[in-house]
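Visitor: Residue numbers (our numbering): 2 to 527.
Backbone N, C-alpha and C fix where the C-beta goes; we use that ideal spot for every residue, glycine too.
Computed from a predicted structure; not experimentally measured.
What follows is a structure written as structure tokens; I'll ask about it next.
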Amino acid sequence: MQSEPETVCNVAISFDRCKITSVTCSCGNKDIFYCAHVVALSLYRIRKPDQVKLHLPISETLFQMNRDQLQKFVQYLITVHHTEVLPTAQKLADEILSQNSEINQVHGAPDPTAGASIDDENCWHLDEEQVQEQVKLFLSQGGYHGSGKQLNLLFAKVREMLKMRDSNGARMLTLITEQFMADPRLSLWRQQGTAMTDKYRQLWDELGALWMCIVLNPHCKLEQKASWLKQLKKWNSVDVCPWEDGNHGNELPNLTNALPQGANANQENMGQCKSLEYQHLPAHKFLEDGESYLTLAVEVALIGLGQQRIMPDGLYAQEKVCRNEEQLISKLQEIELDDTLVKIFRKQAVFLLEAGPYSGLGEVIHRESVPMHTFAKYLFTSLLPHDAELAYKTALRAMRLLVLESTAPSGDMSRPHHIASVVPNRYPRWFTLSHIESQQCELASTMLTAAKGDVRRLETVLESIQKNIHSSSHIFKLAQDAFKIATLMDSLPDITLLKVSLELGLQIVLTIALSLSSSNPALHML
2 MQSEPETVCN
12 VAISFDRCKI
22 TSVTCSCGNK
32 DIFYCAHVVA
42 LSLYRIRKPD
52 QVKLHLPISE
62 TLFQMNRDQL
72 QKFVQYLITV
82 HHTEVLPTAQ
92 KLADEILSQN
102 SEINQVHGAP
112 DPTAGASIDD
122 ENCWHLDEEQ
132 VQEQVKLFLS
142 QGGYHGSGKQ
152 LNLLFAKVRE
162 MLKMRDSNGA
172 RMLTLITEQF
182 MADPRLSLWR
192 QQGTAMTDKY
202 RQLWDELGAL
212 WMCIVLNPHC
222 KLEQKASWLK
232 QLKKWNSVDV
242 CPWEDGNHGN
252 ELPNLTNALP
262 QGANANQENM
272 GQCKSLEYQH
282 LPAHKFLEDG
292 ESYLTLAVEV
302 ALIGLGQQRI
312 MPDGLYAQEK
322 VCRNEEQLIS
332 KLQEIELDDT
342 LVKIFRKQAV
352 FLLEAGPYSG
362 LGEVIHRESV
372 PMHTFAKYLF
382 TSLLPHDAEL
392 AYKTALRAMR
402 LLVLESTAPS
412 GDMSRPHHIA
422 SVVPNRYPRW
432 FTLSHIESQQ
442 CELASTMLTA
452 AKGDVRRLET
462 VLESIQKNIH
472 SSSHIFKLAQ
482 DAFKIATLMD
492 SLPDITLLKV
502 SLELGLQIVL
512 TIALSLSSSN
522 PALHML
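This is the structure:
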């Protein structure tokens, strides 16, 4: 600022193979990022390299001096900086004159200006002490004063480092994790049996996601991965290390507010997204003809969403499964499908239907496999204008909810690519079951709407609803939906849809009657 007095700062920067390996500045600012003076000097060196004089390593310069020159050099150095270096100079002189001193047992002397060996690892400068202090400070504020935002900025910095293949990314994340593990609130929450706050849970989620990126990095050496695995196991063995579900207590969160519900959920989200335009960026060196980064990104997303996975035990982990799935689908919905992407959708839909135990849409799945209703609804609406047969086949396969069945199909054991779903007859603790059933109902309603006027498809959807949906309230909702769709004002009533509505209504009546008869023997005899 013009009103501020001009200050002069002494800055020293060390380079090694095009990386800044150490910095010092007399300004005294303490931060994990470079101060403005270090940045200014770096930019000056980049823009005007001829203005910065290069010197040989000091050891080479000393080697060229005779005895008188060496003595003059040392004495002038001590004279200019006598208050700073005189005690050290006297100590070193005494040690050098002592034949039995440790310094005389080592050949040669260190030279900080010579740089590292070609085989040594060279890293960008990272002030580890400052990283630890900053994270400790942010955590001590308990999510207030913007500390959560600051921690997310640190996480973003780690992601940037990983993107640039900077080895400091893993170092920085290790320092952050150690401070998280040392947070005294973990022990307090564990002793009291209470849950950590939602903001704190989200920070731990981000921490875990970053470690996943690091250990899955294909450019890392096996020795590095082995070291990280050892460290992660060490942290995991600590008593206060949070559980996967992030909850040490018994209280249940309000899943109704946490997870989107109903037919407008994504919009048996989109409104907040900015309108983005995605384009195909070819990479001819690595990809096949017609492929682009966009097609690869979409295909990987579809593979991940369709992968068979067991529902985790923890309450928070189950909520996170649903939330992450819907967030990824919301991102996919931002992409306008062209002919190239439709081919990807067709390819993956067929693959998921035939992929066996690796697919959540395979013929036989585990009883506690994460349901595919939300994903199948997205696939159905995307494929319907292009391949209706495949769209219905995919959606109908996804309608099942085996966790509510008393027994699960065992499969054809003669076909080795199918897994046997042999599980005990028990009812697992699915805390998100209400949300899952609502998504199943939405998938069914979407198919009913699309099948209007098609007798064969309506009958098939009706059979699937009667077989797979167990909630009377959802069957009632579907009966209402079918009636509304069948009697729209701008068209003649759809007789088949009216029959579907009637069939579903009768099913509800029958269900209620059976429930009453089981509790009243007299009604049962009637």
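(1) Nearest-angstrom Cα distance between Gly-250 and Leu-233?
(2) Is Ala-13 close to chain B? Criterion is C-beta to C-beta, closer than 8 Å.
(3) Here's the rule: buried if 16 or more other CB atoms are within 10 angstroms of the residue's CB, otherwise exposed. What is Lys-150?
(4) Tell me, to the nearest whole angstrom, how far the beta carbon of Arg-160 is from that of Leu-211; I am working on the premise that it is less than 8 Å.
(5) Between Lys-321, Glu-369 and Gln-508, which lies nearest to Ile-311 when the distance is taken from Cα to Cα?
(6) Ignoring anything shorter than 4 residues, give me the alpha helix (DSSP H) runs that lie fully in the stretch 119-163, in order along the chain.
(7) At a cut of 8 Å, does the stretch 313-332 reach the stretch 351-368 through at least three beta carbon pairs?
(8) Measure the C-alpha to C-alpha separation of Val-456 and Lys-500 and round it to an integer number of angstroms.
(9) Hey, quick one: how far does the beta strand (DSSP E) through Thr-433 stretch, first residue to last?
(10) Take Pro-417 and list the residues in its own chain whose beta-carbon comes closer than 6 Å to its own, dropping the five residues that flank it on each side.
(11) Of the choices Tyr-294, Gly-291 and Glu-355, whose alpha-carbon is the least far from that of Gly-307?
(12) Rounded to the nearest angstrom, what separates Ile-101 and Val-107 at their Cα positions?
(13) Return helix, strand or coil for Ala-1, following the three-state DSSP convention.
(14) Following the continuous beta strand (DSSP E) through Thr-1, name the residue where it begins and the one where it ends.
(15) Which word fits Lys-378, buried or exposed, when buried means at least 16 other C-beta atoms lie within 10 angstroms of its C-beta?
(16) What do you reckon, are the CB atoms on Asp-240 and Arg-191 nearer than 8 Å?
(17) Would you please state the rounded distance, in angstroms, between the beta carbons of Phe-376 and Ala-396? I believe it to be under 8 Å.
(18) Cys-19: which of Glu-7, Leu-489 and Pro-50 sits nearest, CA to CA?
(19) Answer yes or no: do Glu-129 and Leu-63 have a C-beta to C-beta separation smaller than 8 Å?
(20) Should Asp-482 go down as buried or exposed, given a rule of 16 or more other Cβ atoms within 10 Å for buried?
(21) Since Ala-528 and Ser-60 are thought to touch, with beta carbons under 8 Å apart, how far apart are those beta carbons, to the nearest angstrom?
(22) Using 8 Å as the cut-off, can you tell me whether the stretch 333-341 makes contact with the stretch 397-405, which would need three or more C-beta pairs spanning the two stretches below that distance?
(23) In the structure shown, what three-state DSSP assignment does Ala-13 receive?
(24) Tell me whether the beta-carbon of Ala-487 lies closer than 8 Å to the beta-carbon of Ser-502.
(25) Could you name the residues that DSSP lists as bridge partners for Ser-370?
(26) With distances taken from CA atoms, which of Met-162, Trp-125, Gln-135 and Val-343 is nearest Glu-292?
(27) Would you call Lys-478 buried or exposed, if buried means 16 or more other Cβ atoms sit within 10 Å of its Cβ?
(28) Taking just the CA atoms, how far does Gln-91 sit from Thr-84?
(29) Any idea which residues DSSP pairs Ser-360 with across the strands?
(30) Please report the straight-line C-alpha distance between Glu-252 and Glu-406, rounded to a whole angstrom.
(31) Provide the residue span of the alpha helix (DSSP H) that contains Cys-214, from first to last.
(32) Going by C-alpha to C-alpha distance, which of Asn-169, Glu-337, Trp-125 and Gln-180 sits closest to Ser-141?
(33) So Trp-236 is in the alpha helix (DSSP H); what residue range does that whole segment cover?
(34) Considering only residues of the same chain and omitting the five flanking positions on each side of Thr-25, which have a CB-CB separation below 6 Å?
(35) If you count every other CB in all the chains shown that lies within 10 Å of the CB of Glu-443, and 16 or more means buried, which is it?
Guide: Put simply:
(1) Residue mapping note: residue 250 aligns to position 249 of the sequence shown, counting from 1. Residue mapping note: residue 233 aligns to position 232 of the sequence shown, counting from 1. Residue placement at Gly-250 cannot be trusted, given a pLDDT of 43 that sits under 50; the coordinates are not used to answer.
(2) The structure shown contains no chain B; it is built from a single protein chain.
(3) As a working note, residue 150 is residue 149 in the sequence shown. Its Cβ having fewer than 16 others within 10 Å, Lys-150 is exposed.
(4) Counted from its first residue, the sequence shown places residue 160 at position 159. Counted from its first residue, the sequence shown places residue 211 at position 210. A Cβ-Cβ distance of about 7 Å is found for the pair Arg-160 and Leu-211, placing them in contact under the 8 Å criterion.
(5) One-based indexing of the sequence shown puts residue 311 at position 310. That would be Glu-369, whose Cα lies nearest to the Cα of Ile-311.
(6) As far as the stretch 119-163 is concerned, its whole alpha helix (DSSP H) runs of at least 4 residues are 129-141.
(7) Taking a cut-off of 8 Å for Cβ pairs, the stretch 313-332 and the stretch 351-368 do not touch, as fewer than three such pairs fall below it.
(8) The residue given as residue 456 occupies position 455 in the sequence shown. The residue given as residue 500 occupies position 499 in the sequence shown. Straight through space, the alpha carbons of Lys-500 and Val-456 are spaced by roughly 10 Å.
(9) Numbered from its first residue, the sequence shown carries residue 433 at position 432. Premise fails: Thr-433 is in no beta strand (DSSP E) and is neither H nor E.
(10) In the sequence shown, the residue the question calls residue 417 occupies position 416. Low local confidence applies: a pLDDT of 39 at Pro-417 is under 50, so the model's placement there is unreliable, and no value is given.
(11) Your numbering for residue 307 matches position 306 in the sequence shown. Across the set Tyr-294, Gly-291 and Glu-355, the C-alpha of Glu-355 shows the shortest separation from the C-alpha of Gly-307.
(12) Here residue 101 refers to the residue found at position 100 of the sequence shown. Here residue 107 refers to the residue found at position 106 of the sequence shown. Here the sequence assigns Asn to residue 101, which means Ile is not the residue at that position. Spanning the two alpha carbons is a distance of roughly 11 Å.
(13) Absent from the structure is residue 1, since the part of the chain shown begins at 2 and ends at 527.
(14) Examination of residue 1 is not possible in this model, given that the chain is present from 2 through 527 alone.
(15) Here residue 378 is taken as the residue at index 377 of the sequence shown, counted from 1. By the beta-carbon neighbour count (other beta carbons within 10 angstroms, threshold 16), Lys-378 is buried.
(16) Here residue 240 is taken as the residue at index 239 of the sequence shown, counted from 1. Here residue 191 is taken as the residue at index 190 of the sequence shown, counted from 1. Their beta carbons are under 8 Å apart, which means Asp-240 touches Arg-191 by this criterion.
(17) Translated into positions along the sequence shown, residue 376 becomes position 375. Translated into positions along the sequence shown, residue 396 becomes position 395. In fact, because the Cβ distance is near 10 Å, the residues do not count as touching under 8 Å.
(18) In the sequence shown, counting from the first residue as 1, residue 19 sits at position 18. Distances from the CA of Cys-19 to each of Glu-7, Leu-489 and Pro-50 were compared; the closest alpha carbon is that of Pro-50.
(19) For the purposes of this step, residue 129 is taken as residue 128 along the sequence shown, with counting starting at 1. For the purposes of this step, residue 63 is taken as residue 62 along the sequence shown, with counting starting at 1. The answer is no: Cβ separation not under 8 Å.
(20) The residue given as residue 482 occupies position 481 in the sequence shown. Burial call: buried.
(21) No information on residue 528 is available, as it lies outside the stretch 2 to 527 that the chain covers here.
(22) Touching, no, given that fewer than three Cβ pairs across the two stretches are closer than 8 Å.
(23) Here residue 13 refers to the residue found at position 12 of the sequence shown. Looking at Ala-13 - three-state DSSP - the assignment turns out to be strand.
(24) Taking the first residue of the sequence shown as position 1, residue 487 is located at position 486. Taking the first residue of the sequence shown as position 1, residue 502 is located at position 501. Going by C-beta atoms, Ala-487 is nearer than 8 Å to Ser-502.
(25) Position 369 of the sequence shown, counted from the start, is the residue given in the question as residue 370. Ile-311.
(26) Numbered from its first residue, the sequence shown carries residue 292 at position 291. Per the Cα distances, Val-343.
(27) Numbered from its first residue, the sequence shown carries residue 478 at position 477. By the neighbour-count definition (other C-beta atoms within 10 Å, threshold 16), Lys-478 is a buried residue.
(28) To locate residue 84, count along the sequence shown from 1; it is residue 83. To locate residue 91, count along the sequence shown from 1; it is residue 90. Distance between the alpha carbons of Thr-84 and Gln-91 is about 12 Å.
(29) Residue numbering aside, residue 360 sits at position 359 when the sequence shown is read from its first letter. BP columns for Ser-360 point to Gln-308.
(30) To locate residue 252, count along the sequence shown from 1; it is residue 251. To locate residue 406, count along the sequence shown from 1; it is residue 405. Low confidence applies here, because Glu-252 scores a pLDDT of 44, under 50, leaving its location unreliable; read the following figure in that light. Cα to Cα, Glu-252 sits roughly 27 Å from Glu-406.
(31) Taking the first residue of the sequence shown as position 1, residue 214 is located at position 213. Where Cys-214 is concerned, the enclosing alpha helix (DSSP H) stretches over 199-216.
(32) Along the sequence shown, read from residue 1 onward, the residue named residue 141 stands at position 140. The residue with the shortest Cα to Cα distance from Ser-141 is Gln-180.
(33) Start at 1 with the first residue of the sequence shown, and residue 236 comes out as number 235. 223-237 is the extent of the alpha helix (DSSP H) around Trp-236.
(34) Along the sequence shown, one-based indexing puts residue 25 at 24. Excluding residues up to 5 positions away in sequence, Ala-13 lie with their Cβ nearer than 6 Å to the Cβ of Thr-25 in the same chain.
(35) By 1-based counting over the sequence shown, the position of residue 443 is 442. Buried is the call here.
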